[in-house]
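Trainee:
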Amino acid sequence: MNRVKNKVIVVTGAASGLGLADTRILAREGARVVMTDIDPEAGQAHADDIGATFITQDV
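Using the working numbering, the letters of the sequence shown correspond one by one to residues 2 to 60.
(1) In the DSSP assignment, the beta strand (DSSP E) including ILE56 goes from what residue to what residue?
(2) How is the alpha helix (DSSP H) around ILE38 delimited, first residue to last?
(3) To which residues does DSSP link VAL9 through a beta bridge?
(4) Where do the N-terminal and C-terminal ends of the alpha helix (DSSP H) with GLY44 fall, by residue?
(5) Alpha carbon to alpha carbon, what distance is there between ALA46 and VAL62?
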């Protein structure tokens with residue numbers, strides 16, 4: 002899946018569920034992931050684990 006390698010991808014709702022699953026797959030495939038979610042504790046913890054950037058956001 003080289004289509005995402007070195008691309009910056011923003012995922013909303015990324016602290017749980019499908020958003021979190023998407024971030025894990027995208028990061029594993031080489032994307033530079035920016036995670037956003039309303040839950041800063043869970044979001045930052047997962048971002049640290051994945052190697053992503055986290056931004057608290059309520060959309």
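For each residue, glycine too, the CB sits at the ideal point set by N, CA and C. On a predicted model such as this, the values are computed, not experimentally measured, just so you know.
Mentor: Once the coordinates are examined:
(1) 54-57
(2) Going by the sequence as given, residue 38 is Asp instead of Ile. Element bounds for ASP38: not the alpha helix (DSSP H) but the beta strand (DSSP E), 33-38.
(3) ARG33
(4) 41-51
(5) Outside the shown range of the chain, which is 2 to 60, sits residue 62, and nothing can be said about it.
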